[in-house]
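K.L.:
This is the structure I have questions about; it appears just below.
In this note's numbering, the protein residues as written are 12 to 216.
Right, here's the structure in full:
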């Protein structure tokens, strides 16, 4: 599916062939949405199994597992797409839990991650070579471009920050995305061929 979407982007194979490949890619994309939905269901089942086991065994912090299970059940029921009984994403209970529980918790998780990112940046931004020096300079410019005090003192900081995000950052993210796609394809092929069996067995050889 990835190749069907990538090949017409880089190669001009003619309108008819490009359209046919696009139609096939869209067909597989719809199947991918179904697989993602099923994977989400599997994830929900896994969460229920883990936390139900914690409650059953009275493991450490098992009371938090009860909270997780109760909120999970409420979100599932309130979010069911049944407009006839006023359920769905616009349901008041669903919106209340989403805005007052999920969103603050997500913000908390991101704020915790920020400390790890700062620690990693401190270790990475040591100008030991040219590459690290460029990363350090780009990071400092991005910090300055997002600080109102410095953009007021010297407005070009904002322009420089926008250029870094639009050009080097975009190119890097595209390369990373392509690397992830190739790695995913390789893993899928190895799994389908029976070579990558360790994960499916729960680890080990």
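Backbone N, C-alpha and C fix where the C-beta goes; we use that ideal spot for every residue, glycine too.
(1) Quick one: grab the DSSP three-state call for residue 134.
(2) Which of the three DSSP states, helix, strand or coil, is assigned to residue 102?
(3) Could you give the C-beta distance for residue 175 and residue 149, rounded to a whole number, given that I count them as a contact under 8 Å?
(4) When you compare only the Cα positions, how much space is there between residue 28 and residue 35?
(5) Are three or more beta carbon pairs between the region 115-130 and the region 88-103 nearer than 8 Å?
(6) Could you tell me how far apart the beta carbons of residue 91 and residue 99 are, in whole angstroms, since I believe they sit closer than 8 Å?
(7) For residue 58, report the span of its alpha helix (DSSP H) as first-last.
(8) Can you give me the start and stop residues for the alpha helix (DSSP H) that residue 141 sits inside?
(9) Please give the ranges of any beta strand (DSSP E) in the region 76-126, keeping only runs that are unbroken, at least 3 residues long and fully inside the region.
(10) Can you tell me whether DSSP reads residue 166 as helix, strand or coil?
(11) Kindly give me the distance between the Cβ atoms of residue 172 and residue 184, rounded to whole angstroms, as I take these residues to be in contact under 8 Å.
(12) For the putative contact between residue 58 and residue 74, defined by C-beta atoms under 8 Å, what is the C-beta separation to the nearest angstrom?
(13) In the DSSP assignment, find the alpha helix (DSSP H) that holds residue 200 and state where it starts and stops.
(14) With burial defined as no fewer than 16 other Cβ atoms inside 10 Å of the residue's Cβ, what is the status of residue 158: buried or exposed?
(15) Buried or exposed: where does residue 168 fall if 16 or more other Cβ atoms within 10 Å of its Cβ makes it buried?
P.N.:
From the atom records:
(1) helix
(2) coil
(3) 6 Å
(4) 11 Å
(5) no
(6) 7 Å
(7) 26-68
(8) 141-156
(9) none
(10) coil
(11) Between residue 184 and residue 172 the Cβ distance is about 16 Å, and since that is not below 8 Å, they are no contact.
(12) The Cβ separation is near 16 Å, so there is no contact.
(13) 179-203
(14) exposed
(15) buried
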